[in-house]
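Single-structure report; data block below.
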Amino acid sequence: MSVAVRTAPKSAGRPAPSRPGPAWVAAVLLLGLAAAAGPQSPRPADARRFFPEADLMTIGAYYYPEQWPESQWPRDLGRMAEMGFEFTHFGEFAWAFVEPSDGKFEFGWLDRAVDLAARAGLKVILCTPTPCPPAWLGEKHPEIYLVRGDGRRMEHGTRANGSLADDVFRRYARRVVEELGRRYGQDPRVWGWQLDNEPYGPPDYSPSARLAFQAWLERKYGTVERMNAAWGGAFWSTRYDSFAQVLIPNETLFGEDALSPHALLDFHRFTADTQADFLHLQYDILRGLVRPEQWITTNYMNVTELADPRRTDRLDFISFTMYPVRGTPNLGELGFRLGDPHRLAMAVDYFRSFKGATGVMELQPGQVNWARINPQPQPGAVRMWLWHAFGGGLSFACTYRFRQPLYGSELYHAGIVGPDGVTPSPGGLEFVRTIKEMRELRRLYDPDARMPERLAARRTALLW
Numbered sequence: 009m010s011v012a013v014r015t016a017p018k019s020a021g022r023p024a025p026s027r028p029g030p031a032w033v034a035a036v037l038l039l040g041l042a043a044a045a046g047p048q049s050p051r052p053a054d055a056r057r058f059f060p061e062a063d064l065m066t067i068g069a070y071y072y073p074e075q076w077p078e079s080q081w082p083r084d085l086g087r088m089a090e091m092g093f094e095f096t097h098f099g100e101f102a103w104a105f106v107e108p109s110d111g112k113f114e115f116g117w118l119d120r121a122v123d124l125a126a127r128a129g130l131k132v133i134l135c136t137p138t139p140c141p142p143a144w145l146g147e148k149h150p151e152i153y154l155v156r157g158d159g160r161r162m163e164h165g166t167r168a169n170g171s172l173a174d175d176v177f178r179r180y181a182r183r184v185v186e187e188l189g190r191r192y193g194q195d196p197r198v199w200g201w202q203l204d205n206e207p208y209g210p211p212d213y214s215p216s217a218r219l220a221f222q223a224w225l226e227r228k229y230g231t232v233e234r235m236n237a238a239w240g241g242a243f244w245s246t247r248y249d250s251f252a253q254v255l256i257p258n259e260t261l262f263g264e265d266a267l268s269p270h271a272l273l274d275f276h277r278f279t280a281d282t283q284a285d286f287l288h289l290q291y292d293i294l295r296g297l298v299r300p301e302q303w304i305t306t307n308y309m310n311v312t313e314l315a316d317p318r319r320t321d322r323l324d325f326i327s328f329t330m331y332p333v334r335g336t337p338n339l340g341e342l343g344f345r346l347g348d349p350h351r352l353a354m355a356v357d358y359f360r361s362f363k364g365a366t367g368v369m370e371l372q373p374g375q376v377n378w379a380r381i382n383p384q385p386q387p388g389a390v391r392m393w394l395w396h397a398f399g400g401g402l403s404f405a406c407t408y409r410f411r412q413p414l415y416g417s418e419l420y421h422a423g424i425v426g427p428d429g430v431t432p433s434p435g436g437l438e439f440v441r442t443i444k445e446m447r448e449l450r451r452l453y454d455p456d457a458r459m460p461e462r463l464a465a466r467r468t469a470l471l472w
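Here it is as structure tokens:
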């Protein structure tokens, strides 16, 4: 990332301050980042299309209006804006609220939330709510749920439990996405869209997935003989006589007898294709309904296994989530509170490589609830992650979440403020400090400035 700043002229006879002020620190930081990156264009055209270069990195926070009394929304969103956040993020888990019964859509509450956010000066990212199908849908169509490797069908009460290969689930997902796009696609208060949430390509052993896998294999190989040859069907008499006989290779059921790696590879590729197709389904719907200025992305986890971000090439750009501290045992006695530096650096380079633009859609604000060890980040760690994100050329950084929940499985997941909606968390204060520093950088930013040759010739390491 190459960044230009204005530098103040020398003042003769005036002593240097004993302690660097924020403007001086900002200038040095920007020059250091610029020198590290070299004299390339500050931001590729794909990024500048949606994110003005002068904004540097925009910072926002998730908020869940459906989880709080409506009387508290104005205070919460106002508080978010007062703390310096510039956008908020709604809706990825709200399917039961936008469609409380089959075909009955209720957007009044979301209209009011979007309006309150805009009045507070916050841009809005809207999300498609497909990670959480409502109870009425599962009751009416239990076949929508994916099946795990041990044969157990998932149930209502969690997230990411729908079978992406099931035609019924896809039909209902298509409808709710269309309704959201019609409602908010031309709304200038909506900055952009996130598809689904943390798509990870869940392995699915449901009947729908098996039929889809058989069709995928037939498209790939054409004949079952070619598939048998590719899979090594002569080994252990594992050959098939027709595609209709093919079972999904299931490591859970076979114990120590390893399966054909060729069959497993095809299943993993099928899973990645299915995940990408589900996201493209939603993208194609929205792109036909929303303003050209509204971008469409999704938020892959920073390390993906069965999902492949390269396959979702229609999206405007790809973003990611990042939780550095979950008990990483490195970097000395307190290293587990800093996180692994390679994860953020790798994610920044990896996701930026797809479309030029990228951002971190979820950046850890404090203690999480889902790891084996859940320490508080070391003081200064959250701010450090934000500056590393900026140094990596990210267009935005969003944190999950603004307000710590009062209930649910993420009860102990920290937010920018506590459950009272008022008291800042330690990580929240670090976000606020970084936002103030980012504003100072914007004040110093000069698009016509040129990097000094002596800096462009150097290479500087940004140390963790």
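Under this note's numbering, the first residue of the sequence shown is numbered 9, with each subsequent residue one higher. All residues carry an ideal CB built from backbone N, CA and C; glycine is no exception. Keep in mind that this is a model prediction, so the values were computed, not measured.
Asked: Is Pro211 near Gly157, with beta carbons less than 8 Å apart?; Found: yes
Asked: Run through DSSP, which three-state label would Thr306 get?; Found: coil
Asked: Taking C-alpha atoms, which residue in Tyr308, Leu449, Arg467 and Arg462 lies nearest to Ala62?; Found: Leu449
Asked: Of the residues Met446, Ala464 and Tyr153, which one's Cα is nearest the Cα of Gly92?; Found: Met446
Asked: Quick one: using the 10 Å Cβ neighbour count with 16 as the cut-off for buried, is Leu145 buried or exposed?; Found: buried
Asked: Grab me the residues of Ala89's own chain with a C-beta within less than 6 Å of its C-beta, minus the 5 sequence neighbours each way, in chain order.; Found: Ala128, Gly129 and Leu130
Asked: Does any residue of chain C have a CB that is nearer than 8 Å to the CB of Phe101?; Found: Here there is only one protein chain, and chain C is not present.
Asked: Counting C-beta neighbours from all protein chains within 10 Å, is the total for Ile381 16 or more, i.e. buried, or is it exposed?; Found: exposed
Asked: If contacts are defined as beta-carbon pairs under 8 Å, then Lys359 and Ile326 qualify, I think. What distance do you get, rounded to the angstrom?; Found: The question names Lys, but residue 359 in the sequence shown is Phe. About 5 Å; that satisfies the 8 Å criterion.
Asked: Please name the residue, chosen from Thr138, Asp324, Thr136 and Ser171, that lies closest to Tyr153 on a Cα-to-Cα basis.; Found: Ser171
Asked: Sorted by chain position, which residues of the same chain lie with C-beta nearer than 6 Å to Val33's C-beta, five sequence neighbours on each side aside?; Found: Residue placement at Val33 is poorly supported in this model, since its pLDDT is 44, which falls under 50; the coordinates still yield a value, given next. Within the same chain, Val33 has no close Cβ partners at all.
Asked: Leaving out five residues before and five after Phe177 in sequence, what residues of the same chain have Cβ atoms less than 6 Å from its Cβ?; Found: Ile152, Gly170 and Ser171
Asked: With H, G and I counted as helix, E and B as strand and the rest as coil, what does DSSP make of Arg197?; Found: coil
Asked: What residues in its chain sit with their C-beta under 8 Å from that of Phe362, if we drop five residues either side in the sequence?; Found: Pro317, Arg318, Asp321, Phe325 and Ile326
Asked: What residue range is occupied by the uninterrupted alpha helix (DSSP H) comprising Glu226?; Found: Pro215 to Tyr229
Asked: Give a yes or no on whether the C-beta atoms belonging to Ala117 and Phe105 are separated by under 8 Å.; Found: Per the sequence shown, the amino acid found at residue 117 is Trp instead of Ala. In contact: Trp117 and Phe105 (Cβ atoms closer than 8 Å).
Asked: Distance check for Ala126 and Asp84, CA to CA, integer angstroms please.; Found: 13 Å
Asked: Quick one: what's Gly170 bridged to in DSSP?; Found: Tyr153
Asked: Just tell me which of Val376, Leu452 and Tyr331 has its CA closest to the CA of Ala405.; Found: Tyr331
Asked: With a CB to CB cut of under 8 Å and the five nearest residues on each side skipped, what residues in its chain are close to Glu186?; Found: Ile293 and Leu297
Asked: Please work out which residues of its chain come closer than 7 Å, Cβ to Cβ, to Arg161, disregarding the five sequence neighbours upstream and downstream, and give them in chain order.; Found: Tyr153 and Val155
Asked: Using 8 Å as the threshold, is the C-beta distance between Pro413 and Gln202 below it?; Found: no
Asked: Check the DSSP bridge columns for Ala475 and list the partner residues they point to.; Found: One cannot answer for residue 475 here, as it falls past the ends of the chain, which runs 9 to 472.
Asked: Could you check the C-alpha separation between Pro215 and Glu259 for me, to the nearest Å?; Found: 17 Å
Asked: Based on DSSP bridge pairs, tell me the residues matched to Met330.; Found: Leu371
Asked: Which one of His164, Ala181, Pro108 and Asp110 has the shortest CA to CA distance from Cys135?; Found: Ala181
Asked: Can you tell me whether DSSP reads Arg161 as helix, strand or coil?; Found: strand
Asked: What separation, rounded to the nearest whole angstrom, lies between the Cα atoms of Asp454 and His396?; Found: 21 Å
Asked: Taking just the CA atoms, how far does Pro427 sit from Arg191?; Found: 31 Å
Asked: Can Pro137 and Glu114 be called in contact, C-beta distance under 8 Å?; Found: no
Asked: Judging by CA-CA distance, which residue of Ile67, Tyr408 and Gly416 is the nearest neighbour of Val425?; Found: Tyr408
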